[in-house]
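S.K.: Numbering (the working numbering), first residue to last: 41 to 302. Think of the CB as a built atom: it goes at the ideal place given N, C-alpha and C, for glycine as much as any other residue. Source: prediction; values computed, not measured.
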């Protein structure tokens, strides 16, 4: 009997079993990571491979909560060209008692006496916001909120638009997409998102970053996310950037040293 041959075959079978066992364990660990984008992103955040670990999510995936952002046209002080600033105004929460607006630029809440809205528009300077329920119905309910004071003014019965200058037909959400042109109100920063065709992330679908206005070399990634591209807006004092997609609302606190080490 060839003892050495039998020993070799036993060792070969043992090695095959070990390899198969290791492969099975790797499949058990790796398959969920391959199939679950959420798990991959969570792991990337925890390991520091993607920005955003610890960033406060101030609202979850709730269809009854909206981040309301208004576009405002500014002028570049150097070139004079028009620049689109995105101003974060409110977080709107709907319930049976009405719409509650959390003012993102003042310590107050504003109550609008409608339980829903299907049209929201803003004044050109974001100084007033129009809320309409039943915009296409015979009996619309419309209210104008003055941002500086928080005053809520009902429009006359049946009136859908206020009689004051501005484009009250275009909803606010039609001109708030973020590419790399979402300026802060004081033209200090830009919020930037890579277009989907330029993003090739192993974990996550998009990444939002803060860039110095006028200097693309100064930029800081702040969050890697998944799902639809978010909308975003800046507070008036430029100290915070809010953004939202179908998974929630987040806030990035911004300070003068955000580019330290960038």
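Could you tell me whether the segment 214-225 touches the segment 274-293, using the rule of 3 or more Cβ pairs below 8 Å?
M.R.: The segment 214-225 is in contact with the segment 274-293.
S.K.: Taking the alpha-carbon positions, what's the residue 194 to residue 261 distance?
M.R.: Answer to the nearest angstrom: the Cα atoms are 42 Å apart.
S.K.: Spatial neighbours of residue 295 within its chain, please: C-beta separation below 8 Å, excluding the five flanking residues on both sides.
M.R.: So the qualifying residues of the chain are 279.
S.K.: Are the beta-carbon atoms of residue 81 and residue 264 separated by less than 8 Å?
M.R.: Their beta carbons are under 8 Å apart, which means residue 81 touches residue 264 by this criterion.
S.K.: CB-CB under 6 Å to residue 285, same chain, minus the five flanking residues each way: which ones, in chain order?
M.R.: Closer than 6 Å at the Cβ level, and outside the excluded window around residue 285, lie 267, 268, 270.
S.K.: Give me the DSSP bridge partner(s) of residue 232.
M.R.: Paired residue(s): 249.
S.K.: Using a threshold of 8 Å, state whether the C-beta atoms of residue 172 and residue 108 are closer than that.
M.R.: It is not a contact, given that the beta carbons lie outside the stated cut-off.
S.K.: So who's on the other strand from residue 217, going by DSSP bridges?
M.R.: Looking at the DSSP assignment, residue 217 forms a beta bridge with 271.
S.K.: Would you report the Cα separation of residue 190 and residue 150, rounded to the nearest angstrom?
M.R.: Their backbone Cα atoms lie some 6 Å apart in a straight line.
S.K.: Please state whether DSSP places residue 212 in a helix, a strand or coil.
M.R.: Residue 212 falls in the helix class under three-state DSSP.
S.K.: Would you report the Cα separation of residue 102 and residue 287, rounded to the nearest angstrom?
M.R.: If I take the Cα positions, the gap works out to 8 Å.
S.K.: Please state whether DSSP places residue 257 in a helix, a strand or coil.
M.R.: Residue state, collapsed to three classes: strand.
S.K.: Express the C-alpha separation of residue 130 and residue 290 in angstroms, rounding to a whole number.
M.R.: Spanning the two alpha carbons is a distance of roughly 13 Å.
S.K.: Using DSSP bridges, identify the partner residues of residue 145.
M.R.: In DSSP, residue 145 forms no bridge with anything.
S.K.: For residue 286, which three-state DSSP category applies?
M.R.: In the structure shown, residue 286 sits in coil (DSSP, three-state: anything other than H, G, I, E or B).
S.K.: Judging by CA-CA distance, which residue of 198, 186, 170, 164 is the nearest neighbour of residue 306?
M.R.: There is no way to answer for residue 306, as the model of the chain reaches only from 41 to 302.
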